[in-house]
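Each residue of the sequence shown is one higher than the one before, counting from 2 in our numbering.
Even for Gly, the Cβ is constructed at its ideal location relative to N, Cα and C.
On a predicted model such as this, the values are computed, not experimentally measured, just so you know.
Quick notes on the structure that follows.
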Amino acid sequence: MNDEDGDKGSKAPERSTPDPSATPESVEPETVADPPAPEPDEVPAPDEAPAPDEAPAPDASVPEAPAQQPSADDAPTTQLNLGDLGERSEEQAPDAPLWVEPPANEDVTQVIPAIPPGPVPGPTQAYTPPADDPTVVAPAAAAQVPPQPAPEPSPPAEPSAEQTAPSRAPWVKIAAVTGGVIALIGIAYAADLAVSSGKVPRGVTVAGVDVGGSSREEAEATLQAQVGPRVDQPLTVTAGDVSTQLVPSAAGLGVDWEATLDRAHSQPLNPFTRLTSFFTTDEIGVVSTRDEAALASAVDGLRGETDRASREGTVVFEGPTPVPVDPSTGQNLNGEGAEAALTEEWAFGRPVELPVDVVPVTVTKEGVQRALDEVATPAASADLVVTGRDGKVATAARQQIGAIVGFEPDGNGGLKPTYNIEAATGILAPQLVSTEIVPKDATITLDGGSPTVVPAVVGDLVQWPKTLETLPELLRGNGSHTTAAVYGPVPPALTTEAAQALGVKEVIGEFTTGGFSAASGTNIRLAASEINGALIKPGDTFSLNGYTGPRGTAQGYVESGIINNGRPDTAVGGGVSQVATTLYNAAYFAGMEDVAHTEHSYYISRYPEAREATVFEGAIDLQFRNTAKTGVMIQAIGGASDLTIRFWGTKSVDVESITGNRTKPTEPDTVTLPAGDHCIASSGAPGFTASDTRVISDHATGQEISRDTRTVRYDPVPIVKCEAPAAPPKPDERTPAASPAPPAPAESPKPTTPKPNPNDGE
Numbered sequence: 002m003n004d005e006d007g008d009k010g011s012k013a014p015e016r017s018t019p020d021p022s023a024t025p026e027s028v029e030p031e032t033v034a035d036p037p038a039p040e041p042d043e044v045p046a047p048d049e050a051p052a053p054d055e056a057p058a059p060d061a062s063v064p065e066a067p068a069q070q071p072s073a074d075d076a077p078t079t080q081l082n083l084g085d086l087g088e089r090s091e092e093q094a095p096d097a098p099l100w101v102e103p104p105a106n107e108d109v110t111q112v113i114p115a116i117p118p119g120p121v122p123g124p125t126q127a128y129t130p131p132a133d134d135p136t137v138v139a140p141a142a143a144a145q146v147p148p149q150p151a152p153e154p155s156p157p158a159e160p161s162a163e164q165t166a167p168s169r170a171p172w173v174k175i176a177a178v179t180g181g182v183i184a185l186i187g188i189a190y191a192a193d194l195a196v197s198s199g200k201v202p203r204g205v206t207v208a209g210v211d212v213g214g215s216s217r218e219e220a221e222a223t224l225q226a227q228v229g230p231r232v233d234q235p236l237t238v239t240a241g242d243v244s245t246q247l248v249p250s251a252a253g254l255g256v257d258w259e260a261t262l263d264r265a266h267s268q269p270l271n272p273f274t275r276l277t278s279f280f281t282t283d284e285i286g287v288v289s290t291r292d293e294a295a296l297a298s299a300v301d302g303l304r305g306e307t308d309r310a311s312r313e314g315t316v317v318f319e320g321p322t323p324v325p326v327d328p329s330t331g332q333n334l335n336g337e338g339a340e341a342a343l344t345e346e347w348a349f350g351r352p353v354e355l356p357v358d359v360v361p362v363t364v365t366k367e368g369v370q371r372a373l374d375e376v377a378t379p380a381a382s383a384d385l386v387v388t389g390r391d392g393k394v395a396t397a398a399r400q401q402i403g404a405i406v407g408f409e410p411d412g413n414g415g416l417k418p419t420y421n422i423e424a425a426t427g428i429l430a431p432q433l434v435s436t437e438i439v440p441k442d443a444t445i446t447l448d449g450g451s452p453t454v455v456p457a458v459v460g461d462l463v464q465w466p467k468t469l470e471t472l473p474e475l476l477r478g479n480g481s482h483t484t485a486a487v488y489g490p491v492p493p494a495l496t497t498e499a500a501q502a503l504g505v506k507e508v509i510g511e512f513t514t515g516g517f518s519a520a521s522g523t524n525i526r527l528a529a530s531e532i533n534g535a536l537i538k539p540g541d542t543f544s545l546n547g548y549t550g551p552r553g554t555a556q557g558y559v560e561s562g563i564i565n566n567g568r569p570d571t572a573v574g575g576g577v578s579q580v581a582t583t584l585y586n587a588a589y590f591a592g593m594e595d596v597a598h599t600e601h602s603y604y605i606s607r608y609p610e611a612r613e614a615t616v617f618e619g620a621i622d623l624q625f626r627n628t629a630k631t632g633v634m635i636q637a638i639g640g641a642s643d644l645t646i647r648f649w650g651t652k653s654v655d656v657e658s659i660t661g662n663r664t665k666p667t668e669p670d671t672v673t674l675p676a677g678d679h680c681i682a683s684s685g686a687p688g689f690t691a692s693d694t695r696v697i698s699d700h701a702t703g704q705e706i707s708r709d710t711r712t713v714r715y716d717p718v719p720i721v722k723c724e725a726p727a728a729p730p731k732p733d734e735r736t737p738a739a740s741p742a743p744p745a746p747a748e749s750p751k752p753t754t755p756k757p758n759p760n761d762g763e
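Pasting the structure below:
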């Protein structure tokens, strides 16, 4: 019986033709769960059938089997009683009924008698089961079914395998289809793996170039053709908002082709990976070679374009107009990160973004605007005016306000104003000089032949710091920016009392030299006038170069004789060394402490041996210190042919000079020079070594305080000859054609102004 029979319930199931010879004792309905089909050798033999007297008494009618209500999900099934097929096959009555009509609307249960093991006489009809149901061989029905007692109702049996088979049939089909698909996938996987063996995995790209599925040799050739040229092509790089270019090869970058292809590895075995490779790509990039020094140099070369300092917001003045300057962050190229980015990305040929370190700013645009509105605009709204004495005024015009008012970050996003008092004073002070009394130091004069103190003058000047201390409040208003000048007394640097206390009252040392030329006399008298009246306070050090300053044509000095490389020469300022020698000796006998002095390179007869000095601007100086308890004033008198320098003060020591004998004489060399303005002939002089000993004693007691000896070696004065160049020989007039061309006359050296040797002096 198939599933459709049970559902319709309108057609009686097919039944087998009863065998008249079969006389089963009884046929009762049973519910059999999954009875196995009997094997042929398990069917009992006829001689093993039970005796007739053991069979139950036949009944004329077969009681109706109790109906079992199936569940809504259960399909009607055919229940067979196969328990006593062998024993009952011969005893069943030939006329026993084989079908009992079930009540209406109930499932049909067909009772099929057991089939005897031997051949059954009479016609039989085979039972044909549905295609999906197991085949069961039904026994011939007995002609007569003995009466049976009514069976006890039994609980519903569990669904048998036959009952559930129809519901599992779709899953069996799905499993079969799935198995087939898996088998096909496996075959495809194996085929794909075999075909791609030894090649670059599918989907692999290098610097954007697809090499998947190629052999290693093909992939390398493709990459060298498409990626290789990029090493010499300009590459655009961006750093923040700056864009520029560099050439990778010039930056020391290249490609390691072997290592690049090694990145692709071997064919993947993961089926999912192989499947997705049909739809995705795997970018592996290139393995770059890099010259560290060249790459670092290339990155540093970019800094000129990529790096910029941050700009804080501020307010500037363009004439009388304040202008806001918005803040702007700075940036510095991150060298290490830039090198890494270039190494990884250059081969793609696309712009490479380089990392930068941002340099922040602290001032906000709001802070700039606030400073503009609250400070700058009011400050430039009117002139700054300072009123002085006698109706005089000093004015800083609106156009000059930018030199006075400035701004700097306040640390909180805003700007704080700054006021340049010095700049304001520089603009305003000159306009009120006529209203001031300038202080004057006390001076010492020798007009009467002896020192006289000229009293000092106390000044009365505008106190600009105090006058301008209210400048911030003064410039904040939008009205008049006017204030009054504050005056105050200013004492002189040397008061009358201080000058009198210096003790300048008598000559404590002096020296005179002479014998100079007219040109040298000009320079000597000029230098002497500059040091005349100089005061040296106790403990102070005097410097000749420092006191006179530059000695050039701008100061009135002229060209005169000097010593250059051991021989006479000329230069601007020549002759000042005579001032140095005269000053040194005056300080020597005044008991001043020698700090620095240098002798001439060769001896000059008008100076004392081992007790003379030279100077050279910027190289050789004459310095001495006042170690006395009183002050010293220098008096310098330059005459037509001599120079006298005196030291005035309070005499406390006596000085004695002891000159030693000349030793170690040396003969001069002869030097021949072209005749001209710069060749000064000299007969020369021998060199020698000399010494001088200074003995200092206490003026009041005569007790010796110190004894110092100085030894000097003088070079010989060279013999200088000035000769004109020899005239060239005349050509032979008799044979002009055969005579060689006369040699060109030798050019005499062009006169040049030699640079003085600092070791010689002026």
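query, result
"Which of helix, strand or coil DSSP assigns to E49", "Unreliable placement is indicated for E49, whose pLDDT of 41 sits below 50; the coordinate value is still reported in the next sentence. It is helical."
"Three or more C-beta pairs below 8 Å linking the stretch 495-503 and the stretch 618-627", "no"
"Cβ contact check for the stretch 367-377 and the stretch 281-299: 3 or more pairs under 8 Å", "no"
"Exposure of Q225, with buried meaning 16 or more beta-carbon neighbours within 10 Å", "exposed"
"Three-state class that DSSP yields for V406 in the structure shown", "strand"
"Coarse secondary structure for S298, derived from DSSP in three states", "helix"
"Neighbourhood of S544 by C-beta, 7 Å cutoff - its chain only, sequence neighbours within 5 removed", "D622, Q624"
"G576 versus A641: straight-line alpha-carbon distance, rounded", "13 Å"
"Segment contact flag, the stretch 448-455 with the stretch 468-479, C-beta cutoff 8 Å, min 3 pairs", "no"
"A395 - containing beta strand (DSSP E), residue span", "394-397"
"Span separating the alpha-carbon of P120 from that of I183", "Because the pLDDT at P120 is just 46, under 50, the model does not fix this residue reliably, and the value given afterwards should be weighed accordingly. Their Cα atoms are separated by approximately 51 Å."
"Whole-number beta carbon distance between L462 and T631, since they are thought to touch under 8 Å", "Between L462 and T631 the Cβ distance is about 31 Å, and since that is not below 8 Å, they are no contact."
"Closest residue to S602 among A383, L247, R351, G688 (Cα-Cα distance)", "G688"
"Q704 in three-state terms, based on DSSP", "coil"
"Contact belief for V616 with N662 at Cβ below 8 Å, rounded distance in angstroms", "Going by Cβ atoms, the distance from V616 to N662 rounds to 28 Å, so no, they are not a contact pair."
"DSSP state of G253 mapped onto helix, strand, coil", "coil"
"Spatial neighbours of E437 in its chain, beta-carbon cut-off 8 Å, leaving aside the 5 residues before and after", "G460, D461, L462, V463, Y488"
"Sub-8 Å separation of L644 and T583 beta-carbons", "yes"
"Span of the alpha helix (DSSP H), counted from its first residue to its last, around W347", "Taken as a continuous stretch (DSSP letters only), W347 belongs to no alpha helix (DSSP H), as it is neither H nor E."
"Cβ pair count under 8 Å reaching 3, the stretch 606-613 against the stretch 578-594", "yes"
"Where Y608 sits in the DSSP three-state scheme", "coil"
"Span separating the alpha-carbon of E618 from that of D301", "45 Å"
"S544 (DSSP reduced to helix, strand or coil)", "strand"
"8 Å CB neighbourhood of P666 in its chain, flanking five on each side removed", "P687, G688, F689"
"For F512, the residue or residues it bridges with in DSSP", "I646"
"At least three beta-carbon pairs within less than 8 Å, the stretch 410-426 to the stretch 507-519", "no"
"Presumed contact (8 Å Cβ cut-off) between A310 and V243, rounded CB distance", "Incorrect: roughly 14 Å between the Cβ atoms, too far for contact."
"Between the CA atoms of H679 and C723 - distance to the nearest angstrom", "9 Å"
"Whether G241 touches R291 by CB criterion (8 Å)", "no"
"Separation of A176 from V210, as counted between CA atoms", "43 Å"
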